[in-house]
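Q:
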Amino acid sequence: MVKSPKSEKSKPLSSQPHQETLLHHFKLISVNFKEAALDSPSFRASMNHLDLQINTIEQWLAALASSFKKIPKYLKEVQSYCNSFLEHLVPTFIQDGIIDQEYTVTGLNTTLDGLKTVWGLSIQALSVDAKNLKSIELFKRHHVTKYKETRKRYEDYQAKYDKYLSIYLSSSKSKDALMVIEDAKQLYQVRKEYIHASLDLVIEIQSLSKNLNKLLVGVNTDLWRNKWNIFGSRGVGDTIREEWDKIQRIQSWNDSYTLAIEKLNSDMLTARNQVEEGCHIQFQPSTNVNDYKSTIINNRTLRDIDEPGIEKHGYLFMKTWMEKSSKPIWVHRWAFIKNGVFGLLVVSPSQTFVQETDKIGILLCNVRYAPNEDRRFCFEIRTNDFTAVFQAESLVELKSWLKVFENEKLRISGPEALDNGLFNIASGRFPPIISEFSSTVDTVIDQQLTNAKVTLAGGQVVAASSLSNHLERFEDFFKKYMYFEIPKICPPFMTDTTKSSIMAYCLTSPTQIPNALTANIWGSVNWGLYYLHDTARDSSTYLPGKDTEMIKFQEEHFENDKFYPDFYPKEYVNLDIQMRALFETAVEPGEYCVLSYSCIWSPNSKQELSGRCFVTNYHMYFYMQALGFVALFKGFLGHLVSVDFVSQKNYDLIKVYNIDGVIKMKVFLDDANCIKKKLVYLINNIVSDKPKSLQGVLADFSDIEKQIAIEKSDEKNLREINQLSKGLSSKSLASEKLLLSGETSSILPGQSGRMIKHKVNFTPDYNLISERTYPAPPKAVFHALLGDNSVIFRSQLSFASTKYFLQKPWATSNKGTLYRDINVPAMYDGKDCFVQVKQEIDNMEDNTYYTFTHELSKFELLLGSPYKAVFKIVIVEHISKRSKVFIYSKIYFDRLSLWNPLVIRLNNQVDVNKVKKLEKSISEAVKEIGTHGMIVRAIYLYGKLSHTSEPEAVTSTSVIKFGIVSLFKLGLGKAFSKAHGFALNAIIKPFQLMVLLLESLRMNVFLVVIIILLSLFNLFLAGKTATSYWNTRSASKLAQEYVTKEPRMLQRSIYLKDLENILNKNVTIAESRPFSLFKQNSFIFNLDADTEWSNYFGSNSRDVARSLKNSFQDIGIKRHDLLVKLRILKSMEEEIIQAEWQNWIMSEAQKCDYVMDNVVGQIDKVDNYQEGIDNLVEYCQECKAILSELI
1 MVKSPKSEKS KPLSSQPHQE TLLHHFKLIS VNFKEAALDS PSFRASMNHL DLQINTIEQW
61 LAALASSFKK IPKYLKEVQS YCNSFLEHLV PTFIQDGIID QEYTVTGLNT TLDGLKTVWG
121 LSIQALSVDA KNLKSIELFK RHHVTKYKET RKRYEDYQAK YDKYLSIYLS SSKSKDALMV
181 IEDAKQLYQV RKEYIHASLD LVIEIQSLSK NLNKLLVGVN TDLWRNKWNI FGSRGVGDTI
241 REEWDKIQRI QSWNDSYTLA IEKLNSDMLT ARNQVEEGCH IQFQPSTNVN DYKSTIINNR
301 TLRDIDEPGI EKHGYLFMKT WMEKSSKPIW VHRWAFIKNG VFGLLVVSPS QTFVQETDKI
361 GILLCNVRYA PNEDRRFCFE IRTNDFTAVF QAESLVELKS WLKVFENEKL RISGPEALDN
421 GLFNIASGRF PPIISEFSST VDTVIDQQLT NAKVTLAGGQ VVAASSLSNH LERFEDFFKK
481 YMYFEIPKIC PPFMTDTTKS SIMAYCLTSP TQIPNALTAN IWGSVNWGLY YLHDTARDSS
541 TYLPGKDTEM IKFQEEHFEN DKFYPDFYPK EYVNLDIQMR ALFETAVEPG EYCVLSYSCI
601 WSPNSKQELS GRCFVTNYHM YFYMQALGFV ALFKGFLGHL VSVDFVSQKN YDLIKVYNID
661 GVIKMKVFLD DANCIKKKLV YLINNIVSDK PKSLQGVLAD FSDIEKQIAI EKSDEKNLRE
721 INQLSKGLSS KSLASEKLLL SGETSSILPG QSGRMIKHKV NFTPDYNLIS ERTYPAPPKA
781 VFHALLGDNS VIFRSQLSFA STKYFLQKPW ATSNKGTLYR DINVPAMYDG KDCFVQVKQE
841 IDNMEDNTYY TFTHELSKFE LLLGSPYKAV FKIVIVEHIS KRSKVFIYSK IYFDRLSLWN
901 PLVIRLNNQV DVNKVKKLEK SISEAVKEIG THGMIVRAIY LYGKLSHTSE PEAVTSTSVI
961 KFGIVSLFKL GLGKAFSKAH GFALNAIIKP FQLMVLLLES LRMNVFLVVI IILLSLFNLF
1021 LAGKTATSYW NTRSASKLAQ EYVTKEPRML QRSIYLKDLE NILNKNVTIA ESRPFSLFKQ
1081 NSFIFNLDAD TEWSNYFGSN SRDVARSLKN SFQDIGIKRH DLLVKLRILK SMEEEIIQAE
1141 WQNWIMSEAQ KCDYVMDNVV GQIDKVDNYQ EGIDNLVEYC QECKAILSEL I
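Residue numbers are given in the UniProt record's numbering: position 196 of the sequence shown equals residue 196, and the series is strictly consecutive.
If you want it as structure tokens, here you go:
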């Protein structure tokens, strides 16, 4: 019912290693959520197994808590017994004679004092802190109880879902389609509830696991801290000190791991929501009635689906019978189609692990729709051995299963399937890989689908391997190296048989076909490989060279129960098996685990992933699991350039440098120094000319471990000597200073007495052109110059410019030196020509001393003799991983000529310019190489020196002649170049000086800029302050004028017109033309207009009019004052009325309350009084309503 997550990308991994780089961001896969959403057999079996484990752990914690409670009582009894014994050890009467007082009694007293101290410390050390008991009880009360509640909900919803699903699929085909739709909707709601409960259970189990680890590590640390506080200051032995350091590192791991998973909490909740929403969409039932009608299903409708997939996984119902009953039953089975086979996964009868049936090749299967079944959506799979009927949940699922069968058959019928052997797989039937994981379900069809041995068409017998027989055969080995070492990792799923599934990988080769081994470790599929496959396909193929010896060994011995060679360390076997169980087909042929360690990996600043690294000869495999998230990574060691580590207080920080940056790993219990040395060895082994095989690597690893053990022993001894030396007097310390020199000694013993000579001065045979030091080791510079991918020397030609870059391997001369001759196409004066270049390596001492010659021929200038230019380059080791490079030149003429000195001088000038360019190229190459793992990075960037045994066959080239015109052009170009350089320097030099000045100032520059900005800001603030000052002064002056001058009386007048408006009265005046003209000019009727005094005739009339207007204005002012006073009086009067009204209504309300409480309740309800009581109640309610409005 559920498709593969990436069915279109299910092709096998390439048989060649891939060039993966160390990722800077890991894609985390929520395996637990995916399997919970699928409700796969792995999920159900794991939940049941973990439930049993949690119940057992609960009982163990209860017993542990009970033991903690008894400790004080037992300690008290032991202390009482010790005190009694000590009292009887030295009684007082032994001093009265017979017994010697000087020695015997003194001995008894000494024993008494010693036993008091020893037993006192021991009893004190055996005491436990009561908070540990509280922590255990608190964990049981909160986390275990919460888990049980979540588990109960999960079981209830699971039972409900199984019941509804069974009822829904068992409905008859004749049932009305609308009713079936309603049933499908009910099933959808129940499934939503079940998926929600399943996801809740996953989160709760992850939380329980996190808190349980935190509890146990904390209790363990507290127990040890008590002992260390007692014995630590008394000079305890190295064993206790080492154990205490180990406990501290484990506590540090727990703290770091807790912080790391806290960063994943939000991602976990997001993933949970995404999975749940995806399930809601995927399982949404169709509302189309035709999708539930069996009568319209035919071959045409079954093909009506867009399904390109060739892989499918999901639940089907299978029709079967019990042996003693002919009544058919339908059982739930997880089915899959992948890589040419069809198979089933089933939950064991105990419900705690996953089993499998045979894998049947799909070319053997005749698949068709089964219309005669009583149930909907059935199809039949028929082979020569059995016939099985399966039922899909919906019409879409039925179409999908049939189409995927068809698509896979078409793919297998193609030519590619014949080449990779897929056709043979699809044409056979294969039993379970391990017989212990065969299905034990006792239905008829299940038994027909499961066999311990199958005979193929060609007569070949394929039988399941027996893990129990293998364990019995190598019982001693498994007891010593396997049982208690597996699993080191925390697999995505734990079932009853997860441990057995991991150990079974020593018997079987990994396969991409789903099986019970994968189901008990990963789930329905290996989810990590899907993402790993994508990473591999996105990278380019890189073949570092396979260990053909080990590939051949695996092919010859795998079927003989001897997968590991005799020289392979037995303690590595369990690690290699776990690596194969996790990475399955991603592990390259011929590879074995040579190094493994647990760490917290930090690929970037946001992620810290706890997991385990597995390292082989060529690859690094990393597995991470936390909060249900899983990440798998496979990286090629050739991309690493350096490894370093720094010791912290409670962990070691390993820094792995690759071509893209640095990866940090926190290591807590493993030896970081040993890990570093082994990784560096593997990196150097890959880039070496003759990489060692697995046997050679393991032998060198053994030497590294022995050397580290010696170093640790020496360090321990020196630490003890230095500790003892602190107690010596200065006189003794001075006399024994040679003995106690320790790490400060200047003498390094055990060195060879052979003198080493490296010639660096080749004058007067050659002319020294350049001598320069570069911050890179000699080997890195050597590969930067002569590596197969380097173009530095190939672009350095006298007078001519390179047209093409050619690559050619080196051959071996009769002298045993490496050389190569190349005719390089070049351009001279716009013409094509060939320059013969010959390079020969004279000396090559690894990373110490290199000399080689670089010869160019032949050239001819003017009337001089033809000549060839020879350069000798010397690379020698300098101090502090630096190299000094000497460049010499010399010219060889074919004959004597008077012009030869001029040619030498001119050629030297050209060589100086070319060497400057060469120095610049070397500097850029050294900068590109970086500062970490310089040799490895140089080899990676510029390549090795390829070698060939084929004879050299290089034809001689014609002489390149330079005439007058060419020399004139050369001189003109030189002059122009110098002029251009001078002008450019005139512009650039001042700028460079300014930049140099600023760079030299550094912090001073920053301070100067800050001072300038602050100065400008101060000027701005000063301007703002001045503006504010003058504005304030102007305002103050204006206010002063108003204060000092005679105040103005602000008056208001009310005129008749205003009064009319106020009183809302109209005055009627007889209308006439004189009166109309009077109204236009009167100051009474035109209050807002200016009075035109010129309309009055004579000065007397005007004076009277002015007097009248003044009187009119005085009347208006007085009227306004009176009205204001009247309004004030009116307002006071209204307030008095309001207060009286409020007081009266409050009194009435109080009366009502009194009457209602004391009078009305005592009056019998008689008809004569009922009407009056009702009126009284109504009146009281009205009073209270009015009072509430007033208040």
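We treat Cβ as the ideally placed atom computed from N, Cα and C, and that holds for glycine.
1. Indicate the three-state DSSP secondary structure (helix, strand or coil) for Asn913 in the structure shown.
2. Taking 7 angstroms as the limit between beta carbons, can you name the residues of its chain near Leu1187, skipping five residues before and five after?
3. Can you tell me which of the three DSSP states Gln428 falls into?
4. Got a sec, what are the start and stop residues for the alpha helix (DSSP H) His1120 sits in?
5. Could you check whether Arg249 and Phe668 sit closer than 8 angstroms to each other, using their CB atoms as the reference points?
6. Helix, strand or coil for Gly1023, going by three-state DSSP, please let me know.
7. Terminal residues of the continuous beta strand (DSSP E) containing Trp899?
8. DSSP state of Ala672, grouped into three classes?
9. Given a threshold of 16 other Cβ atoms within 10 Å of its Cβ, counted over all protein chains shown, does Trp321 qualify as buried or as exposed?
10. Indicate whether the contact test is met: 3 or more Cβ pairs, each with one atom in the region 562-572 and one in the region 608-623, closer than 8 angstroms.
11. Let me make sure I understand the geometry here. Which of Ser394, Leu1007, Lys961 and Glu1134 has the alpha-carbon closest to that of Pro285?
12. Assign Met934 to one of three DSSP states: helix, strand, or coil.
13. Any idea which residues DSSP pairs Asn767 with across the strands?
14. Answer yes if the region 470-484 comes into contact with the region 389-407, meaning at least three C-beta pairs across the two stretches below 8 angstroms, and no otherwise.
15. How long is the line joining the alpha carbons of Thr931 and Ser598, rounded to whole angstroms?
16. By Cβ distance below 6 angstroms, which residues in the same chain neighbour Trp522 in space, the five residues on each side in sequence not counted?
17. Smallest Cα separation from Phe553: which of Leu456, Glu591, Thr287 and Glu705?
18. Please state whether the Cβ-Cβ distance between Asn847 and Ile935 is less than 8 angstroms.
19. So Asn685 and Lys678 are supposed to be a Cβ contact under 8 angstroms. How far apart are they, rounded?
20. Within 10 angstroms of the Cβ of Val646, are there 16 or more other Cβ atoms? Answer buried if so, exposed if not.
21. To the nearest angstrom, how far is it from the Cα of Thr295 to the Cα of Asp304?
22. Tell me, which residues are paired with Met179 by DSSP?
23. Is it true that the CB of Ser438 sits closer than 8 angstroms to the CB of Ala463?
24. Considering only C-alpha positions, which residue in the set Val444, Val1124 and Ser958 is nearest to Pro328?
25. Taking the continuous beta strand (DSSP E) assigned at Tyr315, which residues delimit it?
26. Measure the alpha-carbon distance for Met624 versus Gln607 and round it to whole angstroms.
27. Look up Ala392 in the DSSP assignment and say whether it is helix, strand or coil.
28. Tell me the rounded alpha-carbon separation between residue 1198 and Ile887.
29. Less than 8 angstroms separating the beta-carbons of Ile769 and Ser921?
30. When we look at the beta-carbon of Asn526 and count the other beta-carbons within 10 Å, is it buried (16 or more) or exposed?
31. Count the other CB atoms, across all protein chains shown, that sit within 10 Å of the CB of Leu738; report buried if there are 16 or more and exposed otherwise.
32. In terms of alpha-carbon separation, which member of Ser713, Glu928, Val959 and Asp714 lies closest to Ala826?
33. From Tyr315 to Arg333, what does the alpha carbon distance come to, in whole angstroms?
34. How would you label residue 1206, buried or exposed, when you count the other beta carbons within 10 angstroms and need 16 or more for buried?
35. Please confirm if the region 499-515 is in contact with the region 577-586, defined as three or more CB-CB distances below 8 angstroms between the two stretches.
36. For Lys549, I'd like the list of residues in its chain whose CB is within less than 6 angstroms of its CB, leaving aside the five on either flank, ordered along the chain.
A: This is what the structure holds:
1. Counting from 1 along the sequence shown, the entry for residue 913 is found at position 913. Residue state, collapsed to three classes: helix.
2. In the sequence shown, the residue the question calls residue 1187 occupies position 1187. Closer than 7 angstroms at Cβ, skipping near neighbours: Ile1145, Met1146 and Ala1149.
3. Locating residue 428 in the sequence shown gives position 428, where the first residue counts as 1. Rather than Gln, the amino acid found at residue 428 in this sequence is Gly. It is coil, neither helix nor strand.
4. Position 1120 of the sequence shown, counted from the start, is the residue given in the question as residue 1120. Ser1099 to Asn1158 is the span of the alpha helix (DSSP H), which, as asked, contains His1120.
5. Translated into positions along the sequence shown, residue 668 becomes position 668. Translated into positions along the sequence shown, residue 249 becomes position 249. Result yes, Cβ atoms of Phe668 and Arg249 sit closer than 8 angstroms.
6. Position 1023 of the sequence shown holds residue 1023. Gly1023 falls in the helix class under three-state DSSP.
7. Numbered from 1 along the sequence shown, position 899 holds the residue referred to as residue 899. In the DSSP assignment, Trp899 falls outside any beta strand (DSSP E) and carries neither an H nor an E.
8. As a position in the sequence shown, residue 672 is number 672, starting the count at 1. Helix.
9. Counting from one through the sequence shown, the residue named residue 321 turns up at place 321. So Trp321 counts as exposed.
10. no
11. Sequence index remark: in the sequence shown, residue 285 carries index 285 (1-based). Pro285 has its Cα closest to that of Ser394, out of Ser394, Leu1007, Lys961 and Glu1134.
12. Reading the sequence shown from its first residue, position 934 is the one you call residue 934. Here Met934 sits in helix by DSSP.
13. In the sequence shown, counting from the first residue as 1, residue 767 sits at position 767. Ser889.
14. no
15. For the purposes of this step, residue 931 is taken as the residue at position 931 of the sequence shown. For the purposes of this step, residue 598 is taken as the residue at position 598 of the sequence shown. So the two alpha carbons sit approximately 28 angstroms from each other.
16. One-based indexing of the sequence shown puts residue 522 at position 522. The residues are Pro492.
17. In the sequence shown, counting from the first residue as 1, residue 553 sits at position 553. In terms of Cα proximity to Phe553, the closest of Leu456, Glu591, Thr287 and Glu705 is Glu591.
18. For the purposes of this step, residue 847 is identified with residue 847 of the sequence shown, where counting begins at 1. For the purposes of this step, residue 935 is identified with residue 935 of the sequence shown, where counting begins at 1. Yes. Within cutoff.
19. Translated into the one-based positions of the sequence shown, residue 685 becomes position 685. Translated into the one-based positions of the sequence shown, residue 678 becomes position 678. In fact, because the Cβ distance is near 10 angstroms, the residues do not count as touching under 8 angstroms.
20. If you number the sequence shown from 1, residue 646 lands on position 646. With fewer than 16 other Cβ atoms within 10 Å, it is exposed.
21. Along the sequence shown, one-based indexing puts residue 295 at 295. Along the sequence shown, one-based indexing puts residue 304 at 304. So the two alpha carbons sit approximately 16 angstroms from each other.
22. Within the sequence shown, the letter at position 179 stands for residue 179. BP columns for Met179 are empty, so no partner.
23. As a position in the sequence shown, residue 463 is number 463, starting the count at 1. As a position in the sequence shown, residue 438 is number 438, starting the count at 1. Not in contact: Ala463 and Ser438 (Cβ atoms no closer than 8 angstroms).
24. Against the sequence shown, residue 328 aligns to sequence position 328. Closest by alpha carbon: Val444.
25. Here residue 315 refers to the residue found at position 315 when the sequence shown is read from its first residue. Per DSSP, Tyr315 is one residue of the beta strand (DSSP E) stretching across Lys312 to Thr320.
26. For the purposes of this step, residue 624 is taken as the residue at position 624 of the sequence shown. For the purposes of this step, residue 607 is taken as the residue at position 607 of the sequence shown. Cα to Cα, Met624 sits roughly 12 angstroms from Gln607.
27. Against the sequence shown, residue 392 aligns to sequence position 392. DSSP places Ala392 in coil when its eight states are reduced to three.
28. A query on residue 1198 cannot be resolved here, the shown segment of the chain reaching from 1 to 1191 and no further.
29. Numbered from its first residue, the sequence shown carries residue 769 at position 769. Numbered from its first residue, the sequence shown carries residue 921 at position 921. No, the pair does not count as a contact, with Cβ atoms beyond the cut-off.
30. Working through the sequence shown from its first residue, we reach residue 526 at position 526. Flag for Asn526 reads buried.
31. To locate residue 738, count along the sequence shown from 1; it is residue 738. Here Leu738 scores only 43 on pLDDT, less than 50, and its place in the model should not be relied on; the value that follows carries that caveat. Around the beta-carbon of Leu738, fewer than 16 other beta-carbon atoms lie within 10 Å, marking it exposed.
32. In the sequence shown, the residue the question calls residue 826 occupies position 826. Selected option, being the one with the closest Cα: Val959.
33. Residue 315 sits at position 315 when you count from the first residue of the sequence shown. Residue 333 sits at position 333 when you count from the first residue of the sequence shown. The alpha-carbon atoms of Tyr315 and Arg333 are separated by roughly 6 angstroms.
34. Residue 1206 lies beyond the range of the chain shown here (1 to 1191); nothing can be said about it.
35. Yes, they touch.
36. Translated into the one-based positions of the sequence shown, residue 549 becomes position 549. Residue identity check: residue 549 is Glu in the sequence provided, not Lys. Same-chain partners within the cutoff: Ser693.
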